[in-house]
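Heads up: the structure comes next, in structure tokens.
Residue numbers (this note's numbering): 602 to 900.
Laid out in structure tokens, this is it:
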């Protein structure tokens, strides 16, 4: 497959590095400003220097697979950046957090081009041009509509050919909500409390806040017809225990870099769903207020 990636954050670089190292055809697509900033400059991936192919968005052509790996705030610009990459048979997958990126992409390019994806189990962190991770995790892929099933088969065959860690999930929406539950808990809590994976796993206020926020997602998911439960919470907390204890998720990295976070994608999504169903969400409200207060300090 000819693969274009939109977004040079931790996941975008991690997957580009893997695909390139395993003989795949991969390039980043970006606007002229970013191209001038990044072209021909090496990225250090776990101690190895890597120079990636980069393409101006105006000169890009149709890809077989487009991977969207941007922050929530960058999704709408990314949809425009990849416009020339989308051909008749192009498949689009988003490795973004949250539960809404596929639906937003489908508004422009149609749901028939999508597969639904969850990236889980990784501890990738990127600072400047340096990427570090101890766990790559896996990609869980699946279809929400019958028309997407062929896309899943094609991507699965490609992943098999390069040895990409993946699972084809028959209930991908359950998986998406499960990962969302984890992100709502760990991302927001690590940022709000300025702590690491180890910090939220230790008994204490941050740990309790994380679990309460996750349980509010369980209630919201159940009200939306998704059968999340305590066993899912235990599974995802178990994943946290396998990550680098000194690592921290993307929102905590946002705090260090003093940049806007994805809180609207997390608590900003959970709270309205809970309100719609008459479900209290005190932990997510508290985390939302804590994160917003931190962001106000940047100014």
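Heads up, the beta-carbon is just placed ideally off N, CA and C, and yes, glycines get one too.
Computed from a prediction, not measured in an experiment: that's the story for all the values here.
1. Three-state secondary structure (DSSP) at residue 626?
2. Name, in chain order, the residues that DSSP records as bridge partners for residue 655.
3. Output the distance between the C-alpha atoms of residue 749 and residue 712, rounded to the nearest integer angstrom.
4. Return the bridge partner residues of residue 680 from the DSSP annotation.
5. Does the pairing of the region 809 to 828 with the region 882 to 889 give three or more beta-carbon distances under 8 Å?
6. If you run the structure through DSSP and keep just helix, strand and coil, what is residue 851?
7. At 4 residues or longer, what runs of the alpha helix (DSSP H) sit wholly inside the region 703 to 768?
8. Could you pull out every residue in the same chain whose Cβ sits closer than 8 Å to the Cβ of residue 764, ignoring the five residues on either side in sequence?
9. Taking DSSP's pairing of strands, which residues face residue 695 in a bridge?
10. Give the secondary structure of residue 895 by DSSP, where H, G and I count as helix, E and B as strand, and everything else as coil.
11. So what's residue 863 in DSSP terms, helix, strand or just coil?
12. With H, G and I counted as helix, E and B as strand and the rest as coil, what does DSSP make of residue 568?
13. So, for residue 801: in the same chain, excluding its five sequence neighbours on each side, which residues have a beta-carbon less than 7 Å away from its beta-carbon?
14. Suppose contacts are defined by Cβ-Cβ distances below 8 Å. Is residue 689 in contact with residue 610 by that definition?
15. With distance defined between alpha-carbon atoms, name the residue in 888, 839, 878 nearest to residue 863.
16. Between residue 605 and residue 644, how many whole angstroms is the CB-CB distance? I'm expecting something under 8 Å.
17. Going by C-alpha distance, which of 753, 726, 732 is nearest residue 714?
18. Ordered along the chain, which non-local residues of its own chain (more than five positions away) have a Cβ less than 6 Å from that of residue 819?
19. Nearest to residue 667 by alpha carbon, out of 602, 637, 743?
20. When you compare the CB positions of residue 799 and residue 846, do they come within less than 8 Å of one another, or not?
21. Would a C-beta distance cut-off of 8 Å place residue 686 and residue 664 closer than the cut-off?
22. Put residue 806 into one of helix, strand or coil per three-state DSSP.
23. Considering only residues of the same chain and omitting the five flanking positions on each side of residue 694, which have a CB-CB separation below 6 Å?
Taking the geometry as given:
1. strand
2. 629
3. 8 Å
4. In the DSSP output, where bridge partners are listed per residue, residue 680 has none listed.
5. yes
6. helix
7. 750 to 763
8. 623
9. 669
10. helix
11. coil
12. No answer is possible for residue 568: it lies beyond the span of the chain, which begins at 602 and ends at 900.
13. 787, 790, 791, 807, 808, 811
14. no
15. 888
16. With 8 Å as the limit, residue 605 and residue 644 do not qualify as a contact, their Cβ atoms being about 17 Å apart.
17. 753
18. 829
19. 602
20. yes
21. yes
22. helix
23. 668, 716, 718
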